[in-house]
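**Q** Take any residue in the sequence shown, note its place counting from 1, add 448, and you have its number in the numbering used here. There's a structure below that I have some questions on.
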Amino acid sequence: MRIENLQNENRKYTKSIGNFHVLEYVQDASVSPMNAMNEYFMSKMNVRRRQVVIDIDKDHSAVIQAGSMQWMGGNVQATSGVKGIGDFLGKALKGAVTKETAVKPEYVGEGCLVLEPTYKYIILADVGKWGSAGMTIEDGMFLACDANVKSKVVARKNLSSAVLGGEGLFNLSLQGNGVAALESNVPEDELIEVILENDELKIDGNLAVCWSSNLEFTVERSTKTLVGSAVSGEGLVNVYRGTGRVLMCPVAPTTSLFESTNTMAAKAAAKSSNTFGK
């Protein structure tokens with residue numbers, strides 16, 4: 449099988465790690481007169497359609513978020529990735545607490561797998577570089593990963609404070625050797641990397657995108673006393689302790705960015721997309 453015109457003047461790979469590629473629509477010409485102006489200015493602000501392209505072969509299979517496949521070419525088959533009823537129940541529980549789909553299909557064979565387009569930014573991460581403990585990601589960011597990458601649910605140490613802080617109790621942790629594709633509301637080159645060496649990082653809000661799984665992660669008061677927290681104007685903060693890395697957004701996504709990356713209005717022809725509107 450040979451694929452022609454996947455990349456051209458309007459579409460090109462902007463990042464590749466191993467067999468994972470990010471195909472970005474630098475200029476989207478498939479628009480109607482009614483939304484051409486919106487698409488033009490969105491492109492100038494780097495709010496563009498992006499797709500993950502994965503090369504599948506005997507050494508590389510891929511696990512993706514259910515419903516994310518757009519098309520595949522060659523001898524590629526989808527499997528459920530479920531190994532018995534016990535495995536299904538475990539995956540269902542994992543999906544329920546991390547806002548991910550319960551069952552993520554695995555694609556095997558030899559060929560090419562292309563995922564649904566999204567206006568979100570796509571981060572390709574080499575999971576092996578995060579160490580043996582792996583990386584933990586914020587809820588809802590998982591898009592795809594190499595089948596060699598294993599996932600598990602990790603709980604926050606201080607569950608009661610997590611509830612009070614309005615944060616989730618669990619997160620998805622990825623570990624092993626392989627690539628993971630994550631969806632982000634903020635471009636990767638704007639993320640701040642904080643390297644901790646037996647130290648701590650406190651963040652007001654869920655600005656962290658991903659962090660080393662070996663870090664101790666809790667939600668605590670910003671000061672030691674309730675009076676101090678009230679006087680400082682800060683309440684509960686996310687705290688990361690230990691030795692590892694944290695990737696953090698510099699600011700919370702603006703309303704305009706959130707709307708453009710989470711709605712289908714900008715691309716009427718793709719209203720049936722499984723990715724838009726998640």
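Don't be surprised by glycine CBs; every beta carbon is placed ideally from N, CA and C.
1. Looking at the structure shown, is N646 part of a helix, part of a strand, or coil, going by DSSP?
2. With DSSP run on the structure shown, which of helix, strand or coil describes S621?
3. Does the Cβ of G515 have 16 or more other Cβ atoms within 10 Å, making it buried, or fewer, making it exposed?
4. Taking the beta strand (DSSP E) that E558 falls in, what are its first and last residues?
5. D476 and R450: beta carbons closer than 8 Å?
6. Could you spell out where the beta strand (DSSP E) holding E668 opens and where it closes?
7. Output yes or no for whether 8 Å exceeds the beta carbon distance between V601 and F618.
8. Buried or exposed for A484, going by 16 or more other Cβ atoms inside 10 Å?
9. How would you label P698, buried or exposed, when you count the other beta carbons within 10 angstroms and need 16 or more for buried?
10. Can you tell which of E668, I571 and E457 has the C-alpha that lies nearest to the C-alpha of Q499?
11. Mark A728 as exposed unless 16 or more other C-beta atoms lie within 10 angstroms of its C-beta, in which case mark it buried.
12. Nearest by alpha-carbon distance to N467: which of G626, V687 and W659 is it?
13. Do you know offhand how far D731's Cα is from L663's?
14. Excluding the 5 residues flanking L622 on each side, which residues of the same chain have their C-beta closer than 6 Å to its C-beta?
15. Start and end of the beta strand (DSSP E) containing Y488?
16. May I have the straight-line CA-CA distance separating L644 from R459, to the nearest angstrom?
17. Among the residues of its own chain, which have a CB less than 6 Å from the CB of Y473, if the five just before and after it don't count?
18. Please name the residue, chosen from L655, R693 and L561, that lies closest to G521 on a Cα-to-Cα basis.
19. Measuring only the C-alpha atoms, how far is Y688 from I465?
20. Distance check for W519 and N453, CA to CA, integer angstroms please.
21. Pull the bridge partners of C593 from the DSSP assignment, please.
22. Looking at the secondary structure, which residues open and close the beta strand (DSSP E) in which L454 lies?
23. Can you have a look at K650 and say buried or exposed, based on whether 16 or more other CB atoms are within 10 angstroms of its CB?
24. Between P635 and Y569, which are expected to be in contact by the criterion C-beta below 8 Å, what is the C-beta distance as a whole number of angstroms?
25. Let me know the secondary structure DSSP gives K577 once reduced to three states.
26. Excluding the five sequence neighbours on either side, which residues of its own chain have a C-beta within less than 8 Å of the C-beta of Q525, listed in chain order?
27. From S660 to E641, what distance separates their C-alpha atoms?
28. Just the Cα atoms here: how many angstroms apart are T462 and Q455?
29. What span of residues does the beta strand (DSSP E) with D503 cover, start to end?
30. How is the beta strand (DSSP E) around E472 delimited, first residue to last?
**A** Looking at the atomic coordinates:
1. Three-state result, N646: strand.
2. strand
3. It is exposed - the Cβ of G515 has fewer than 16 other Cβ atoms within 10 Å.
4. Taken as a continuous stretch (DSSP letters only), the beta strand (DSSP E) holding E558 covers E554 to L563.
5. no
6. Element bounds for E668: E664 to R669.
7. yes
8. exposed
9. exposed
10. I571
11. Residue 728 is absent from the structure shown; the chain starts at 449 and stops at 726.
12. G626
13. The chain is shown only over 449 to 726; residue 731 falls outside these bounds and no answer can be derived.
14. The answer, listed in chain order, is V575, G582, M583, V597, S599 and A628.
15. Looking at the DSSP string, Y488 is not in any beta strand (DSSP E); the run it does join, the alpha helix (DSSP H), is A484 to K492.
16. 38 Å
17. R459, R496 and R497
18. L561
19. 28 Å
20. 15 Å
21. V511 and A628
22. Taken as a continuous stretch (DSSP letters only), L454 belongs to no beta strand (DSSP E), as it is neither H nor E.
23. Looking at its Cβ environment, which holds fewer than 16 other Cβ atoms inside 10 Å, K650 is exposed.
24. Rounded, the Cβ-Cβ distance is 5 Å, consistent with contact.
25. helix
26. Y555, V556 and G557
27. 11 Å
28. Spanning the two alpha carbons is a distance of roughly 11 Å.
29. R498 to I504
30. Unbroken beta strand (DSSP E) run through E472: F468 to Y473.
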